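Chemist:
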Amino acid sequence: MSASVRRWLAEALGTYVLVVIGSLAILSAAGGATGATVVAIALGFGLALLAGLYAFGEVSGGHFNPAVSLAMLLDGRTSITDFIGYVIAQVGGAVLASVTVLAASSDAAVESTATVLGSGVEAWEGFLMEGIATAIFLAVILKTTSSQSSRAPVFLGIAWTLVAIHLALIPFTGSSVNPARSIGPALVGGVGADLWLYIVAPLVGAAVGWALFKAVTTGSET
C-alpha cells in the first residue's frame, strides 16, 4: 500500500470514528437542547476527535474534516492531490458512519443526528456562526501544529476547542464546523434542506482562519 493510500485510509477511518461516536452520543443524549444534553454531545464529539487523532493523526495529520484540509492546502502543508484524496476519504468515512448508525437503529435516528438550524435561527445567522467558529477552530489548529513539539498536548488542545465550539453552537446550528460530518447524516438520513450552509460556511471559515493565522504569525520569528 502506497504512502498516499495509507494517508487517505487514515482520514477515512478517523472521520468514521468522529462521526459514528458523535452520532451515537447524540442518540444517547436525546432529549432536546438542555444543558446536560449539550454537554454530553459536545464531549462525545470532542473525545471522538481525540481518539481519532491518537489512532490515526501521526499517519495523515489527522484532518478528518474538509475545512481543515483546505486550510492545510492554503498553508502549503498538503498537496492538491492529497487534498482531493482526503476530502473524498472524509466524506466516505462520514457516510459509512451514518450507514452504521442506520444499521444499528433507524431512519429517524439518523435524521436526528443531522445538523439543522435551531428554532428561530435564520440561514444567514447560522452561516455566520458556523463560519466564525470554523475560523477560530482552524486558527487554533494551524498555530498548535506549526511547531515540531509533542503531538499529545496539541491533540488535547484541538479536541477541547471542538468541545467548546459544540457547547456554543449546538442550540443554534447543531454545531458542525465540518462539511463531512454534515454530509454523512444528510445523505443517509435524507435531511439536506440547509446542507449547503454546512458545506460552504466551514470552507469560508477555514480560509478566513488561515488568513488570520498568517496575518498574526508572518514575520513573528524575526
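Read left to right, the sequence shown gives residues 830 to 1051 (this note's numbering).
C-beta atoms are modelled at their ideal positions from N, C-alpha and C, and glycine is treated no differently.
In this text the structure is predicted, and so the values were computed from the model without any measurement.
On the three-state DSSP scale, how would you describe T929?
Modeler: In the structure shown, T929 sits in a helix (DSSP, three-state: H, G or I).
Chemist: By how many angstroms is the C-alpha of A1036 removed from the C-alpha of Y845?
Modeler: C-alpha separation (whole angstroms): 24 Å.
Chemist: Report the rounded CA-to-CA distance for N1007 versus G1048, giving the unit in angstroms.
Modeler: 30 Å
Chemist: Take the Cβ of A1044 as the centre, count every other Cβ of all protein chains shown within 10 Å, and call the residue buried at 16 or more, exposed below.
Modeler: exposed
Chemist: Given this structure, state the Cα-to-Cα distance separating T1046 from K972, to the nearest angstrom.
Modeler: 9 Å
Chemist: Decide yes or no for the touch test of the region 959 to 970 against the region 1017 to 1037: beta carbon pairs closer than 8 Å, at least 3 of them.
Modeler: yes
Chemist: Between the region 906 to 922 and the region 836 to 854, are three or more C-beta pairs nearer than 8 Å?
Modeler: As far as the Cβ criterion goes, the region 906 to 922 touches the region 836 to 854, which means the pair count is three or higher.
Chemist: List in chain order: all unbroken alpha helix (DSSP H) runs of 4+ residues lying wholly within the region 928 to 984.
Modeler: 936 to 941, 952 to 973
Chemist: Short of 6 Å in beta carbon distance, which residues of its chain neighbour M901, apart from the five on each side in sequence? Order them along the chain.
Modeler: T907
Chemist: Using only the alpha-carbon positions, how far apart do F1042 and A968 sit?
Modeler: 6 Å
Chemist: Using the rule of at least 16 other Cβ atoms within 10 Å of the residue's Cβ for burial, across every protein chain shown, is T1051 buried or exposed?
Modeler: Model confidence at T1051 stands at a pLDDT of 45, short of 50, so the residue's coordinates are unreliable; what they give is reported in the following sentence. It counts as exposed.
Chemist: Please classify S927 as buried or exposed, where buried requires at least 16 neighbouring CB atoms within 10 angstroms.
Modeler: buried
Chemist: Can you give me the Cβ contacts of A880 inside the same chain, cut-off strictly under 8 Å, excluding the 5 residues immediately before and after it?
Modeler: V846, I850
Chemist: L931 and V939: beta carbons closer than 9 Å?
Modeler: The beta carbons of L931 and V939 sit closer together than 9 Å.
Chemist: Between the region 862 to 876 and the region 887 to 904, do three or more beta carbon pairs fall short of 8 Å?
Modeler: no
Chemist: Rounded to whole angstroms, what's the CA-CA distance from A869 to L903? Just pull it up for me.
Modeler: About 34 Å.
Chemist: What whole-angstrom Cβ distance do Y1027 and T942 have, given they're in contact under 8 Å?
Modeler: The beta-carbon separation of Y1027 and T942, rounded to 13 Å, does not stay under the 8 Å limit for a contact.
Chemist: Would you mind working out which of A858, T1002, L853, L856 sits nearest G949, comparing C-alpha positions?
Modeler: Of the residues A858, T1002, L853, L856, the one whose Cα lies closest to the Cα of G949 is T1002.
Chemist: In chain order, what residues of the same chain have a beta carbon less than 7 Å from the beta carbon of V867, not counting five sequence neighbours either side?
Modeler: Residues of the same chain with a CB within less than 7 Å of the CB of V867, apart from the 5 flanking positions on each side, are L996, I999, P1000 in chain order.
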